[in-house]
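As C-alpha cells, the structure follows; a few thoughts come after it.
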Amino acid sequence: MAIKYGYQALAASEEMDGAKYKAILMQILRNLHYYIAPSFLQPRSNLPKKVHATSFLDGMRGVAAWIVLLSHYLVDVYPKITFGWDTILGPHEYPKIRQGYGNPPPQPTDIFLQLPVIRVLISGNAMVQLFFVISGFSVSYRMVSLLRSGQQQRLMETVSSACFRRGFRLYLPIIAVMITSELCAYYGYFNNYPSLLANPPPVNTVRGRVGHFVNLLDHLLGNEIWPKIDAHGYNPQLWSIPVEFKGSLAIYATIIALMTTREKIRLTIEASIVAYALYLGNTELSLFITGMLLAELHHRKAERKQRESANALPVKVESTFQYFPPTIRKRVPHWVPQVFWCAAAFLGIYILSQPFNPINTPGYKWLQVYSVSFLFRVNAWNVVGASLLVLAGDNCSIIENIFTTPVAQYLGKISYASYLLHNTVIYAVRNPVMSWFERVMGVHELGTLVMLASLICAPVMIWAADLFTRYVDEPSISFAKWLFVKATKDST
1 MAIKYGYQAL AASEEMDGAK YKAILMQILR NLHYYIAPSF LQPRSNLPKK
51 VHATSFLDGM RGVAAWIVLL SHYLVDVYPK ITFGWDTILG PHEYPKIRQG
101 YGNPPPQPTD IFLQLPVIRV LISGNAMVQL FFVISGFSVS YRMVSLLRSG
151 QQQRLMETVS SACFRRGFRL YLPIIAVMIT SELCAYYGYF NNYPSLLANP
201 PPVNTVRGRV GHFVNLLDHL LGNEIWPKID AHGYNPQLWS IPVEFKGSLA
251 IYATIIALMT TREKIRLTIE ASIVAYALYL GNTELSLFIT GMLLAELHHR
301 KAERKQRESA NALPVKVEST FQYFPPTIRK RVPHWVPQVF WCAAAFLGIY
351 ILSQPFNPIN TPGYKWLQVY SVSFLFRVNA WNVVGASLLV LAGDNCSIIE
401 NIFTTPVAQY LGKISYASYL LHNTVIYAVR NPVMSWFERV MGVHELGTLV
451 MLASLICAPV MIWAADLFTR YVDEPSISFA KWLFVKATKD ST
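Read in order, the letters of the sequence shown correspond to residues 1 to 492 in the UniProt record's numbering.
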C-alpha cells in the first residue's frame, strides 16, 4: 500500500513539474513573440496612433519609401528601367546603364513599368524629392502654427529643441545601419553583389572594415559633395541624409528670420526663396522651403475654416477652394473640388514618373520643351509634381483616405527604417536567393527569379524594418529628447 501511494505521489509530482515547465516555456515564447514579432502582430496598443490632420504625410512617406525600395530592388536586374518607354538611347547614355544580376543582355525599353504614371512605382529619385517636401511640411508644421499665433517665446523654445535633437534623430540610426552592413560584408553575406557598388576595402579584415566605415561616415558628416557612385559603400541611399539635415536647418533659420513678418510678406519671401534656390540649381533647398510654404497654406486654410464656422458661413467646399469668396464656394457642387484635386494628384504623379531621359521619351518631351530652363538651372518639374501631390492630399478627402489606411500608416511608421535598411536586405537576401533558385531549382528566367526572390525579400524587409524602428529608431528619438532635457535643465 505504501508503495502504491508512493507511486501516486511521484506521478503527481511529475505532473506538477510538467505543468510548471510548460508554463515557463509558454512564458518564454510569449516574451520572444513580444520582442521579435512585428508590431502589427502585437497588442493593439502598439498599433499606429489615431489619424490626425497631417497623418496623410506619414502614409505618403511610407509609400514613397517602398517605391525607393522597389526601384533599387529592380534597377540592378533591369538596368534600363531608369529610362523612358520606347526610348532610343544615345551613345552618351549607355555608360549610365549598369549590368545587372548575372550580366544579362541589354533589355528593351518597352517594359510595362516604364509607361507614364505607372513608372512612378519605380521612380526612386522622384520619391526622395517628395520626401524633402514632406519633411519641410512636417518639420515646420508646429513652428508655423506657433508663428501664426504670435507665440514667439514658445516658438523659440520649439526651434531650439528641434535643432538640438535633429542630428541625433537622423544620424544615430545611420550609424547602426552602417555597422550592420559592415558586419554583413565581413562575414560574406554580400559576396553575390557586384563589387562596383559595394566598394569593399582592399583587405577584408577588421581593421579594413573599420577604416571603410570611418571613411564613409566622414563623407556623411563632413563632405559638401557626395562622392561618385563607386564610393557610396553599401548604402548609397544615405546621400540624402546630410541633405535632410541641412534642409531642416534651413527651415529653422527661415522660421526665425521671418518670425515677425506679416503673412503676405512671409509667403512672398518663402516663394522667392524657392525660385531663387531653383535659379542657383539648389533643388533640395527649394523642396524643403516648398514644404514649409505648404504648411503655411494648411494653417491658413484651417484658420479660415475656423473663422467661417464661427460666423456660420458655408464651408462645404472650403477645404478645396479656400481662396474663393464664400458666395462663390456656396454655388460649387461638392464633387467639383474632389475632381479638381484628383486631377492635380494625377498630374503630380505623371510629372514624378518622368524618366532620366525625358527629352527622348514620348509623353515627356513637352516637359523639356515648355520647361523654364532659361531661368532655372535645374529641372524644376519634380518640385511641381511633389507639391501637387502633397496639396492634393491636404485638400482632397479621396487622396487623404488613400494615405491614411492602416497599411499606409504602418508603412509610414517604419518608413525611415525601410529607407535606411533596404539596400542591406537586398544585398544579403535577393541575390543569394536568386542564385539558389537558379542553381538548385533550375530556374533561369530572370523575371521569375526576381519574383521568387521578392517573396522572401519583402517579408524579411518588413520584419527587419519593424524591429529596427522599435529598437533603434524610436530609442534614438527618445535619447535625443532625454539629452535635450538634461542639457537644458537648470543646474540649480
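For glycine and all other residues, C-beta sits at the position ideal for the given N, C-alpha and C.
Practice task
Go ahead and label F403 buried or exposed: buried means 16 or more other beta carbons lie within 10 angstroms of its beta carbon, across all protein chains shown.
Solution key: buried
Exercise for the section: Within 10 angstroms of the Cβ of T488, are there 16 or more other Cβ atoms? Answer buried if so, exposed if not. Expected result: exposed
Handout entry: Per-residue burial, W366 [other beta carbons within 10 Å of its own, 16 or more giving buried]
Key = exposed
Practice task
Return the residue from the list E244, Y276, N379 and A250 that minimises the CA-CA distance to I359.
Solution key: N379
Exercise for the section: Just confirm the distance between the C-beta atoms of V472 and V429, as a whole number of angstroms; I'd bet it's less than 8 Å. Expected result: About 19 Å separates the two Cβ atoms, so there is no contact after all.
Problem - Beta-carbon proximity of F132 to M178, cut-off 9 Å - result: no
Exercise for the section: Using a threshold of 9 Å, state whether the C-beta atoms of H298 and A53 are closer than that. Expected result: yes
Exercise for the section: Measure the CB-CB distance between N235 and K301 and report whether it falls below 9 Å. Expected result: no
Problem - Buried versus exposed, by CB contacts within 10 Å (16 or more), F112 - result: exposed
Handout entry: Straight-line Cα distance separating R307 from A464
Key = 47 Å
Exercise for the section: Please report how far the alpha carbon of N382 lies from the alpha carbon of S123, in whole angstroms. Expected result: 11 Å
Problem - Spatial neighbours of E244 in its chain, beta-carbon cut-off 8 Å, leaving aside the 5 residues before and after - result: F131, F132, S135 and L170
Practice task
Quick one: grab the DSSP three-state call for K305.
Solution key: helix
Practice task
Specify the secondary structure class of H52 as computed by DSSP and reduced to three states.
Solution key: coil
Practice task
Reducing DSSP to helix, strand and coil, say where Y276 ends up.
Solution key: helix
Problem - Segment limits, alpha helix (DSSP H) that includes N215 - result: V206 to L221
Exercise for the section: Taking L455 as the reference, give the member of N431, I477, H444 and R470 with the closest Cα. Expected result: N431
Handout entry: C-alpha gap between Q114 and F356, whole angstroms
Key = 11 Å
Exercise for the section: Give the single residue among T260, S476, I289 and G348 whose Cα lies nearest to the Cα of Y276. Expected result: I289
Problem - 7 Å Cβ shell around P104 - same chain, five flanking residues per side excluded - result: Note that P104 scores 42 on pLDDT, short of 50, meaning its location in the model is unreliable; the coordinates nonetheless yield the value given after this. L446.
Practice task
Kindly confirm or deny that the segment 140 to 148 and the segment 250 to 261 touch, where touching means at least three C-beta pairs closer than 8 Å.
Solution key: yes
Problem - Member of S248, T260, L347 and D58 whose CA lies at the smallest distance from the CA of M292 - result: S248
Handout entry: Identity of the residue in I426, S476, L389 and L420 nearest D76 by Cα
Key = I426
Exercise for the section: Round the Cβ separation of P116 and Y350 to the nearest angstrom and send it over; I've been treating them as touching at under 8 Å. Expected result: 6 Å
Exercise for the section: Report the option in S145, F190, L221 and L183 whose CA atom is closest to the CA atom of V206. Expected result: L183
Handout entry: Per-residue burial, M127 [other beta carbons within 10 Å of its own, 16 or more giving buried]
Key = buried
Practice task
Please say whether P173 and Y416 have beta carbons closer to each other than 9 Å?
Solution key: yes
Handout entry: Span of the alpha helix (DSSP H), counted from its first residue to its last, around N235
Key = No alpha helix (DSSP H) holds N235; DSSP gives it neither H nor E.
Problem - alpha helix (DSSP H) segment containing V407, residue limits - result: P406 to K413
Exercise for the section: For the alpha helix (DSSP H) holding N395, just list the boundary residues, first then last. Expected result: W381 to N395
Problem - Classification of L483 by the beta-carbon crowding that lies within 10 angstroms, buried from 16 upward - result: exposed
Practice task
Output yes or no for whether 9 Å exceeds the beta carbon distance between S418 and G62.
Solution key: yes
Exercise for the section: For Y186, collect the residues of the same chain with a Cβ closer than 6 Å to its Cβ; drop the 5 residues on either side in sequence, then sort them by chain order. Expected result: R209
Practice task
Would you mind giving the Cβ-Cβ distance between A162 and L287, rounded to the nearest angstrom? I have them listed as a contact below 8 Å.
Solution key: Between L287 and A162 the Cβ distance is about 19 Å, and since that is not below 8 Å, they are no contact.
Exercise for the section: Answer with buried or exposed for N423, where buried requires no fewer than 16 other C-beta atoms within 10 angstroms of its C-beta. Expected result: buried
Handout entry: CA-to-CA distance, N401 to residue 501, given in whole angstroms
Key = A query on residue 501 cannot be resolved here, the shown segment of the chain reaching from 1 to 492 and no further.
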